[in-house]
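Single-structure report; data block below.
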Amino acid sequence: HSLSMSSIPEPKGRTQRRQANKQVRANQRHRLDENMGGFALRRRLSQHLLVDSTVASSMAEAAFEGADPSSVHVVELGAGASGAITRHLCAANPASLTAIEVDSSASSRLVESLTLEEGGLPPGVSVKTCDMLGLEWGDLASGPKAPSSAADERLVVVSNVPFGSTSKLLYQLADAASTGAIRRLVLLLQSEVAERLCAGHGNPCEARGGGASYSTLTVEYALRSSREGSPPQIAAIVPREAFAPRPKVGTSVVVVEFDRAPAGEGSPGALERRRELLTAAFARRGQAISESWAPVLAYHPSAEGASPKEAESMKSLLAKQPWEVSPSEFEYLSVALAESYSAALEAGATLDTSRGAPRPPASIEGTKKNKKAKATHKKKKNAKKGVDVLGGRRQGGSENAVQKPAQ
1 HSLSMSSIPE
11 PKGRTQRRQA
21 NKQVRANQRH
31 RLDENMGGFA
41 LRRRLSQHLL
51 VDSTVASSMA
61 EAAFEGADPS
71 SVHVVELGAG
81 ASGAITRHLC
91 AANPASLTAI
101 EVDSSASSRL
111 VESLTLEEGG
121 LPPGVSVKTC
131 DMLGLEWGDL
141 ASGPKAPSSA
151 ADERLVVVSN
161 VPFGSTSKLL
171 YQLADAASTG
181 AIRRLVLLLQ
191 SEVAERLCAG
201 HGNPCEARGG
211 GASYSTLTVE
221 YALRSSREGS
231 PPQIAAIVPR
241 EAFAPRPKVG
251 TSVVVVEFDR
261 APAGEGSPGA
271 LERRRELLTA
281 AFARRGQAIS
291 ESWAPVLAYH
301 PSAEGASPKE
311 AESMKSLLAK
321 QPWEVSPSEF
331 EYLSVALAES
341 YSAALEAGAT
351 LDTSRGAPRP
361 PASIEGTKKN
371 KKAKATHKKK
381 KNAKKGVDVL
391 GGRRQGGSEN
401 AVQKPAQ
(Lines of atoms letter the chains of each structure in order from A; the text may use other names.)
(Lines give C-alpha, C1' and ligand atoms only; values in the text may rest on other atoms or scores of the structure.)
Protein backbone atom coordinates (compact mmCIF):
# COMPACT_ATOMS: atom_id res chain seq x y z
CA HIS A 1 0.00 0.00 0.00
CA SER A 2 1.37 3.42 -0.85
CA LEU A 3 0.11 7.00 -0.87
CA SER A 4 1.86 9.80 -2.74
CA MET A 5 1.36 12.89 -0.60
CA SER A 6 3.33 16.16 -0.73
CA SER A 7 3.71 18.03 2.55
CA ILE A 8 4.01 21.82 2.83
CA PRO A 9 7.47 22.91 4.09
CA GLU A 10 7.41 24.67 7.44
CA PRO A 11 8.32 28.41 7.21
CA LYS A 12 11.34 29.41 9.27
CA GLY A 13 10.62 32.94 10.53
CA ARG A 14 8.19 33.65 13.38
CA THR A 15 6.15 36.10 11.27
CA GLN A 16 6.07 33.67 8.37
CA ARG A 17 4.87 30.88 10.66
CA ARG A 18 2.06 33.05 12.02
CA GLN A 19 0.95 34.00 8.51
CA ALA A 20 1.12 30.38 7.39
CA ASN A 21 -0.91 29.18 10.39
CA LYS A 22 -3.50 31.90 9.74
CA GLN A 23 -3.81 30.76 6.14
CA VAL A 24 -4.09 27.10 7.25
CA ARG A 25 -6.97 27.95 9.61
CA ALA A 26 -8.73 29.87 6.84
CA ASN A 27 -8.31 26.92 4.48
CA GLN A 28 -9.66 24.56 7.14
CA ARG A 29 -12.79 26.70 7.66
CA HIS A 30 -13.29 26.78 3.89
CA ARG A 31 -12.92 23.01 3.59
CA LEU A 32 -15.32 22.43 6.50
CA ASP A 33 -17.90 24.67 4.79
CA GLU A 34 -17.40 22.80 1.51
CA ASN A 35 -17.73 19.35 3.07
CA MET A 36 -20.37 19.91 5.75
CA GLY A 37 -21.96 23.30 5.25
CA GLY A 38 -20.40 24.76 8.40
CA PHE A 39 -21.12 21.73 10.60
CA ALA A 40 -19.83 22.38 14.15
CA LEU A 41 -17.27 19.88 15.45
CA ARG A 42 -17.27 18.65 19.04
CA ARG A 43 -13.93 18.90 20.80
CA ARG A 44 -14.77 16.11 23.29
CA LEU A 45 -15.13 13.63 20.40
CA SER A 46 -11.59 14.37 19.09
CA GLN A 47 -12.98 15.00 15.61
CA HIS A 48 -10.42 15.58 12.86
CA LEU A 49 -12.20 15.14 9.54
CA LEU A 50 -10.35 13.62 6.61
CA VAL A 51 -10.76 16.03 3.68
CA ASP A 52 -8.17 14.60 1.29
CA SER A 53 -9.92 12.42 -1.29
CA THR A 54 -6.64 10.73 -2.29
CA VAL A 55 -6.15 9.31 1.20
CA ALA A 56 -9.82 8.29 1.48
CA SER A 57 -9.71 6.53 -1.90
CA SER A 58 -6.51 4.68 -1.02
CA MET A 59 -7.97 3.44 2.26
CA ALA A 60 -11.04 2.14 0.42
CA GLU A 61 -8.81 0.34 -2.09
CA ALA A 62 -6.85 -1.25 0.77
CA ALA A 63 -10.11 -2.52 2.29
CA PHE A 64 -10.98 -4.47 -0.87
CA GLU A 65 -7.46 -5.46 -1.95
CA GLY A 66 -7.22 -9.05 -3.15
CA ALA A 67 -10.97 -9.67 -2.93
CA ASP A 68 -14.15 -9.11 -4.93
CA PRO A 69 -15.87 -6.08 -3.31
CA SER A 70 -19.25 -7.77 -3.75
CA SER A 71 -18.14 -10.45 -1.26
CA VAL A 72 -16.72 -8.07 1.39
CA HIS A 73 -18.63 -6.95 4.49
CA VAL A 74 -17.33 -3.59 5.72
CA VAL A 75 -17.77 -1.71 9.00
CA GLU A 76 -16.62 1.91 9.12
CA LEU A 77 -16.05 3.39 12.57
CA GLY A 78 -16.44 7.14 13.05
CA ALA A 79 -17.80 7.82 9.56
CA GLY A 80 -18.38 11.52 10.30
CA ALA A 81 -20.77 14.00 8.73
CA SER A 82 -18.88 14.34 5.45
CA GLY A 83 -18.49 10.59 4.85
CA ALA A 84 -15.18 11.09 3.03
CA ILE A 85 -14.23 7.40 3.25
CA THR A 86 -17.85 6.17 3.25
CA ARG A 87 -18.54 7.47 -0.25
CA HIS A 88 -15.51 5.64 -1.68
CA LEU A 89 -16.56 2.44 0.10
CA CYS A 90 -20.10 2.76 -1.28
CA ALA A 91 -18.78 3.28 -4.79
CA ALA A 92 -17.17 -0.17 -4.70
CA ASN A 93 -20.58 -1.84 -4.07
CA PRO A 94 -19.58 -4.09 -1.14
CA ALA A 95 -21.74 -6.97 0.08
CA SER A 96 -22.65 -4.77 3.04
CA LEU A 97 -21.49 -1.52 4.62
CA THR A 98 -22.30 -0.44 8.18
CA ALA A 99 -21.26 3.11 9.07
CA ILE A 100 -20.96 3.82 12.81
CA GLU A 101 -21.12 7.40 14.14
CA VAL A 102 -21.68 8.47 17.76
CA ASP A 103 -22.73 12.05 16.91
CA SER A 104 -26.44 11.99 16.01
CA SER A 105 -26.31 15.24 14.02
CA ALA A 106 -23.32 13.97 12.04
CA SER A 107 -24.99 10.65 11.27
CA SER A 108 -28.12 12.50 10.07
CA ARG A 109 -26.03 14.55 7.65
CA LEU A 110 -24.27 11.38 6.51
CA VAL A 111 -27.60 9.71 5.72
CA GLU A 112 -28.64 12.76 3.71
CA SER A 113 -25.42 12.71 1.68
CA LEU A 114 -25.71 8.98 0.93
CA THR A 115 -29.43 8.92 0.10
CA LEU A 116 -30.13 8.08 -3.55
CA GLU A 117 -32.21 10.30 -5.81
CA GLU A 118 -35.03 7.74 -5.79
CA GLY A 119 -34.92 7.74 -1.99
CA GLY A 120 -33.32 5.44 0.56
CA LEU A 121 -29.74 4.33 1.09
CA PRO A 122 -27.90 2.13 -1.43
CA PRO A 123 -28.53 -1.65 -1.09
CA GLY A 124 -26.66 -3.19 1.84
CA VAL A 125 -25.69 0.21 3.32
CA SER A 126 -26.79 1.21 6.83
CA VAL A 127 -25.88 4.04 9.22
CA LYS A 128 -25.98 3.43 13.00
CA THR A 129 -25.78 6.09 15.70
CA CYS A 130 -23.89 4.49 18.58
CA ASP A 131 -20.57 4.45 20.40
CA MET A 132 -17.92 2.41 18.60
CA LEU A 133 -16.50 1.28 21.97
CA GLY A 134 -19.79 -0.42 22.87
CA LEU A 135 -20.25 -2.52 19.73
CA GLU A 136 -21.10 -6.21 19.83
CA TRP A 137 -18.82 -7.50 17.11
CA GLY A 138 -20.39 -10.93 17.07
CA ASP A 139 -23.77 -9.38 16.21
CA LEU A 140 -22.25 -7.23 13.45
CA ALA A 141 -20.51 -10.23 11.91
CA SER A 142 -23.70 -12.32 11.89
CA GLY A 143 -26.21 -9.52 11.25
CA PRO A 144 -28.38 -9.06 8.15
CA LYS A 145 -26.39 -8.65 4.94
CA ALA A 146 -27.15 -8.15 1.30
CA PRO A 147 -27.38 -11.39 -0.73
CA SER A 148 -23.94 -12.43 -1.97
CA SER A 149 -22.43 -15.64 -3.23
CA ALA A 150 -19.39 -17.07 -1.45
CA ALA A 151 -19.15 -14.05 0.86
CA ASP A 152 -16.61 -14.13 3.68
CA GLU A 153 -18.61 -13.49 6.85
CA ARG A 154 -15.64 -11.94 8.64
CA LEU A 155 -15.60 -8.16 8.64
CA VAL A 156 -13.22 -5.57 7.18
CA VAL A 157 -12.99 -2.58 9.54
CA VAL A 158 -12.07 0.85 8.19
CA SER A 159 -11.69 3.91 10.40
CA ASN A 160 -10.23 7.35 10.81
CA VAL A 161 -9.79 6.61 14.52
CA PRO A 162 -10.63 9.45 16.96
CA PHE A 163 -7.51 10.27 18.96
CA GLY A 164 -9.31 10.01 22.30
CA SER A 165 -10.51 6.43 21.71
CA THR A 166 -7.43 4.87 20.10
CA SER A 167 -6.06 2.53 22.79
CA LYS A 168 -9.40 1.13 23.96
CA LEU A 169 -10.58 0.58 20.39
CA LEU A 170 -7.38 -1.21 19.33
CA TYR A 171 -7.63 -3.69 22.19
CA GLN A 172 -11.32 -4.30 21.43
CA LEU A 173 -10.53 -4.92 17.76
CA ALA A 174 -7.80 -7.40 18.70
CA ASP A 175 -10.21 -9.26 20.99
CA ALA A 176 -12.89 -9.30 18.28
CA ALA A 177 -10.36 -10.74 15.82
CA SER A 178 -9.73 -13.63 18.23
CA THR A 179 -13.40 -14.60 17.97
CA GLY A 180 -13.21 -14.70 14.17
CA ALA A 181 -15.34 -11.57 13.68
CA ILE A 182 -12.68 -9.47 11.87
CA ARG A 183 -10.22 -10.39 9.15
CA ARG A 184 -8.70 -7.02 8.16
CA LEU A 185 -8.17 -3.54 9.58
CA VAL A 186 -7.48 -0.35 7.63
CA LEU A 187 -6.90 2.33 10.27
CA LEU A 188 -5.77 5.95 10.21
CA LEU A 189 -3.89 6.40 13.49
CA GLN A 190 -1.57 8.82 15.25
CA SER A 191 1.96 8.11 14.06
CA GLU A 192 3.13 7.35 17.60
CA VAL A 193 0.44 4.68 18.02
CA ALA A 194 1.11 3.31 14.53
CA GLU A 195 4.79 2.86 15.42
CA ARG A 196 3.87 1.05 18.63
CA LEU A 197 1.56 -1.21 16.67
CA CYS A 198 4.25 -2.06 14.12
CA ALA A 199 7.38 -2.06 16.31
CA GLY A 200 9.87 -4.91 16.50
CA HIS A 201 11.84 -6.29 19.43
CA GLY A 202 15.51 -6.69 20.30
CA ASN A 203 17.10 -3.24 20.51
CA PRO A 204 16.03 -0.65 23.11
CA CYS A 205 17.86 2.17 21.34
CA GLU A 206 16.18 2.02 17.93
CA ALA A 207 13.33 4.48 17.46
CA ARG A 208 11.16 1.87 15.72
CA GLY A 209 13.02 -1.25 16.69
CA GLY A 210 12.01 -1.76 20.30
CA GLY A 211 12.31 0.00 23.61
CA ALA A 212 9.62 2.64 24.00
CA SER A 213 7.72 1.58 20.84
CA TYR A 214 7.60 -2.15 21.55
CA SER A 215 4.65 -2.71 23.87
CA THR A 216 1.73 -4.91 24.92
CA LEU A 217 -0.20 -3.64 21.90
CA THR A 218 2.64 -4.70 19.58
CA VAL A 219 2.64 -8.26 20.91
CA GLU A 220 -1.16 -8.61 20.81
CA TYR A 221 -1.32 -7.63 17.13
CA ALA A 222 1.79 -9.55 16.09
CA LEU A 223 0.30 -12.77 17.50
CA ARG A 224 -2.82 -12.32 15.37
CA SER A 225 -1.25 -11.08 12.12
CA SER A 226 -0.95 -13.17 8.99
CA ARG A 227 2.85 -13.35 9.32
CA GLU A 228 3.51 -15.35 12.48
CA GLY A 229 5.60 -13.44 14.98
CA SER A 230 5.84 -10.38 12.70
CA PRO A 231 3.91 -7.16 13.35
CA PRO A 232 1.78 -5.28 10.79
CA GLN A 233 3.34 -2.61 8.62
CA ILE A 234 2.65 1.10 8.17
CA ALA A 235 1.10 1.51 4.71
CA ALA A 236 1.39 5.29 4.39
CA ILE A 237 2.27 8.47 6.25
CA VAL A 238 -0.45 11.11 5.91
CA PRO A 239 0.37 14.84 6.27
CA ARG A 240 -1.53 16.98 8.76
CA GLU A 241 -2.90 19.10 5.90
CA ALA A 242 -5.17 16.18 4.94
CA PHE A 243 -7.43 16.94 7.94
CA ALA A 244 -9.73 19.71 9.09
CA PRO A 245 -9.03 20.94 11.66
CA ARG A 246 -5.34 20.12 11.28
CA PRO A 247 -4.11 17.90 14.17
CA LYS A 248 -0.98 18.73 16.13
CA VAL A 249 0.51 15.26 15.55
CA GLY A 250 1.28 13.18 12.49
CA THR A 251 -0.90 10.32 11.29
CA SER A 252 -0.30 7.05 9.44
CA VAL A 253 -2.37 4.38 7.70
CA VAL A 254 -1.93 0.86 9.10
CA VAL A 255 -3.27 -2.30 7.44
CA VAL A 256 -3.54 -5.48 9.53
CA GLU A 257 -4.50 -8.96 8.34
CA PHE A 258 -5.90 -11.34 10.98
CA ASP A 259 -5.25 -14.92 9.90
CA ARG A 260 -4.45 -16.71 13.13
CA ALA A 261 -5.25 -16.84 16.84
CA PRO A 262 -2.62 -17.05 19.60
CA ALA A 263 -1.94 -20.48 21.11
CA GLY A 264 -4.41 -21.48 23.81
CA GLU A 265 -6.77 -18.63 22.93
CA GLY A 266 -9.80 -20.92 23.15
CA SER A 267 -9.15 -22.00 26.74
CA PRO A 268 -11.02 -20.12 29.52
CA GLY A 269 -9.20 -17.05 30.74
CA ALA A 270 -6.35 -17.34 28.20
CA LEU A 271 -6.87 -13.82 26.83
CA GLU A 272 -7.04 -12.20 30.27
CA ARG A 273 -3.98 -14.16 31.45
CA ARG A 274 -1.79 -13.15 28.54
CA ARG A 275 -2.97 -9.52 28.68
CA GLU A 276 -2.17 -9.19 32.40
CA LEU A 277 1.22 -10.89 32.05
CA LEU A 278 2.15 -8.57 29.18
CA THR A 279 0.96 -5.47 31.00
CA ALA A 280 2.97 -6.40 34.09
CA ALA A 281 6.09 -7.10 32.03
CA PHE A 282 6.00 -3.83 30.07
CA ALA A 283 5.14 -1.80 33.18
CA ARG A 284 8.69 -2.61 34.40
CA ARG A 285 10.74 -2.24 31.22
CA GLY A 286 14.02 -1.95 33.07
CA GLN A 287 13.53 -5.22 34.99
CA ALA A 288 13.83 -8.84 34.01
CA ILE A 289 10.52 -10.59 33.32
CA SER A 290 11.19 -12.93 36.25
CA GLU A 291 11.02 -9.93 38.61
CA SER A 292 7.80 -8.57 37.10
CA TRP A 293 6.16 -12.00 37.20
CA ALA A 294 7.49 -12.99 40.64
CA PRO A 295 3.99 -13.50 42.21
CA VAL A 296 3.14 -16.04 39.48
CA LEU A 297 6.54 -17.72 39.32
CA ALA A 298 6.33 -18.39 43.07
CA TYR A 299 3.67 -20.98 42.21
CA HIS A 300 5.52 -22.39 39.22
CA PRO A 301 6.65 -26.00 39.89
CA SER A 302 10.26 -27.01 39.44
CA ALA A 303 11.41 -28.48 36.15
CA GLU A 304 9.74 -31.82 36.89
CA GLY A 305 8.51 -33.45 33.68
CA ALA A 306 10.34 -30.93 31.48
CA SER A 307 13.43 -31.69 29.46
CA PRO A 308 16.66 -29.90 30.46
CA LYS A 309 16.51 -28.00 27.19
CA GLU A 310 12.97 -26.71 27.87
CA ALA A 311 13.83 -25.75 31.45
CA GLU A 312 16.92 -23.86 30.31
CA SER A 313 14.95 -22.14 27.53
CA MET A 314 12.32 -20.85 29.96
CA LYS A 315 14.96 -19.74 32.45
CA SER A 316 16.74 -17.83 29.69
CA LEU A 317 13.54 -16.08 28.54
CA LEU A 318 12.54 -15.07 32.06
CA ALA A 319 15.95 -13.50 32.61
CA LYS A 320 15.41 -11.12 29.68
CA GLN A 321 13.83 -7.67 29.69
CA PRO A 322 10.47 -7.39 27.86
CA TRP A 323 11.82 -5.60 24.78
CA GLU A 324 14.20 -8.54 24.20
CA VAL A 325 11.40 -11.14 24.00
CA SER A 326 9.62 -11.79 20.69
CA PRO A 327 5.82 -12.11 20.40
CA SER A 328 6.07 -15.86 19.79
CA GLU A 329 8.23 -16.24 22.93
CA PHE A 330 5.65 -14.31 24.97
CA GLU A 331 3.03 -16.67 23.59
CA TYR A 332 5.08 -19.67 24.73
CA LEU A 333 5.55 -18.24 28.23
CA SER A 334 1.85 -17.42 28.59
CA VAL A 335 0.84 -21.00 27.79
CA ALA A 336 3.59 -22.52 29.94
CA LEU A 337 2.57 -20.47 32.99
CA ALA A 338 -1.18 -21.13 32.69
CA GLU A 339 -1.37 -23.41 35.74
CA SER A 340 0.93 -21.19 37.80
CA TYR A 341 -1.19 -18.15 36.99
CA SER A 342 -4.37 -19.93 38.07
CA ALA A 343 -2.73 -21.09 41.30
CA ALA A 344 -1.54 -17.55 42.04
CA LEU A 345 -5.06 -16.18 41.53
CA GLU A 346 -6.56 -18.79 43.84
CA ALA A 347 -4.02 -17.84 46.51
CA GLY A 348 -4.88 -14.15 46.16
CA ALA A 349 -1.56 -13.14 44.56
CA THR A 350 -1.70 -10.31 42.01
CA LEU A 351 0.66 -8.86 39.45
CA ASP A 352 1.72 -5.23 39.70
CA THR A 353 0.62 -3.58 36.43
CA SER A 354 1.31 0.02 37.48
CA ARG A 355 3.97 1.97 35.65
CA GLY A 356 7.33 1.66 37.31
CA ALA A 357 10.82 1.72 35.89
CA PRO A 358 11.44 4.34 33.18
CA ARG A 359 11.46 3.29 29.57
CA PRO A 360 14.80 2.90 27.80
CA PRO A 361 15.91 5.95 25.79
CA ALA A 362 14.71 6.29 22.20
CA SER A 363 18.35 6.51 21.12
CA ILE A 364 21.78 6.85 22.72
CA GLU A 365 22.58 9.76 20.42
CA GLY A 366 19.35 11.49 21.43
CA THR A 367 20.22 11.11 25.11
CA LYS A 368 23.61 12.75 24.57
CA LYS A 369 21.98 15.65 22.74
CA ASN A 370 19.44 16.13 25.54
CA LYS A 371 22.18 16.24 28.20
CA LYS A 372 24.18 18.73 26.13
CA ALA A 373 21.12 20.92 25.56
CA LYS A 374 20.28 20.93 29.28
CA ALA A 375 23.85 21.87 30.20
CA THR A 376 23.84 24.73 27.66
CA HIS A 377 20.48 26.00 28.93
CA LYS A 378 21.69 25.93 32.55
CA LYS A 379 24.87 27.79 31.60
CA LYS A 380 22.91 30.56 29.84
CA LYS A 381 20.46 30.80 32.73
CA ASN A 382 23.29 31.18 35.27
CA ALA A 383 25.03 33.75 33.09
CA LYS A 384 21.83 35.81 32.94
CA LYS A 385 21.47 35.72 36.73
CA GLY A 386 25.14 36.49 37.31
CA VAL A 387 25.93 33.18 38.98
CA ASP A 388 29.35 31.59 38.59
CA VAL A 389 30.00 27.89 38.31
CA LEU A 390 30.47 27.51 42.06
CA GLY A 391 27.07 29.05 42.79
CA GLY A 392 28.24 32.48 43.97
CA ARG A 393 27.57 35.92 42.48
CA ARG A 394 30.07 37.44 40.09
CA GLN A 395 30.74 41.10 39.28
CA GLY A 396 28.74 42.59 36.42
CA GLY A 397 26.75 39.44 35.74
CA SER A 398 23.36 41.11 35.93
CA GLU A 399 21.68 44.37 36.86
CA ASN A 400 20.37 42.67 40.00
CA ALA A 401 23.69 41.08 40.93
CA VAL A 402 24.93 41.94 44.43
CA GLN A 403 28.10 43.99 44.24
CA LYS A 404 30.70 43.18 46.87
CA PRO A 405 31.80 46.27 48.81
CA ALA A 406 35.30 47.52 48.09
CA GLN A 407 37.85 46.49 50.71
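In the numbering used here, the protein residues as written are 1 to 407.
Positions of the beta carbon are idealized from the N, C-alpha and C atoms, including for glycine.
| Check | Outcome |
| --- | --- |
| Bridge-paired residues (DSSP) for T251 | Q190 and V238 |
| Beta-carbon separation (whole angstroms), A92 vs P69, contact threshold 8 angstroms | 4 angstroms |
| Euclidean distance between Cα positions of E310 and D131 | 46 angstroms |
| Those runs of the alpha helix (DSSP H) which lie wholly inside the segment 45-89 and span at least 4 residues | 53-64 |
| Among V102, S105, R87 and L133, the one whose alpha carbon lies nearest that of L121 | R87 |
| Cβ contact (3+ pairs, closer than 8 angstroms) linking the segment 242-251 and the segment 176-185 | no |
| Own chain partners of V102 with C-beta closer than 6 angstroms, once the 5 adjacent residues on each side are dropped | D131 |
| Supposed close pair A174, L155 - CB separation, criterion 8 angstroms | Rounded, the Cβ-Cβ distance is 14 angstroms, inconsistent with contact. |
| From R260, L116 and F282, residue whose alpha carbon lies closest to that of S213 | F282 |
| Inter-residue Cα distance where the pair is Q23 and R17 | 10 angstroms |
| Selection from R285, V249, A280 and A222 that minimises the alpha carbon distance to F258 | A222 |
| Inside the segment 107-175 only - alpha helix (DSSP H) runs reaching at least 4 residues | 137-142 |
| Beta carbon of P50 nearer than 7 angstroms to that of A84 | It is Leu, not Pro, that sits at residue 50 in the sequence shown. Yes; because the gap between Cβ atoms is below 7 angstroms, this pair is in contact. |
| Buried versus exposed call for S316 [16 or more other C-beta atoms within 10 Å across all chains shown] | exposed |
| Collapsed DSSP secondary structure at Q233 in the structure displayed | strand |
| Backbone CA spacing between A383 and R284 [nearest angstrom] | 40 angstroms |
| T98: first and last residue of the uninterrupted beta strand (DSSP E) it sits in | S96 to E101 |
| Span separating the alpha-carbon of A338 from that of N21 | 55 angstroms |
| Whole-angstrom C-beta distance between R260 and S334, which should lie under 8 angstroms | Not quite, the Cβ-Cβ distance comes to about 15 angstroms (not below 8 angstroms), so this is no contact. |
| Host alpha helix (DSSP H) of P301 (start-end) | First-last for P301: undefined, no H or E at that position. |
| Local Cβ density within 10 Å of V249, reported as buried at 16 or more and exposed below that | exposed |
| Alpha-carbon to alpha-carbon, H48 and P162 | 7 angstroms |
| For V256, three-class secondary structure by DSSP | strand |
| 7 angstroms Cβ cutoff met for V238 and V75 | no |
| H88 Cβ short of 6 angstroms to the ligand ADP heavy atom set | You won't find the ligand ADP in this model; it holds no ligand whatsoever. |
| C-alpha gap between R14 and A373, whole angstroms | 22 angstroms |
| Start and end residues, alpha helix (DSSP H) containing E276 | A270 to A283 |
| Range of the contiguous alpha helix (DSSP H) that encloses P317 | Contrary to the premise, residue 317 reads as Leu rather than Pro in this sequence. Its alpha helix (DSSP H) spans residues P308 to L318. |
| V255 beta carbon less than 7 angstroms from that of A235 | yes |
| C-beta contact flag for C198 and Q172 at 7 angstroms | no |
| Close beta carbons around V127, own chain, < 6 angstroms, minus the five adjacent residues each side | A99, S107, L110 and V111 |
| DSSP three-state assignment for L297, whether helix, strand or coil | helix |
| Length of the line joining the Cα atoms of G66 and E153 | 16 angstroms |
| As assigned by DSSP and simplified to three states, the class of L337 | coil |
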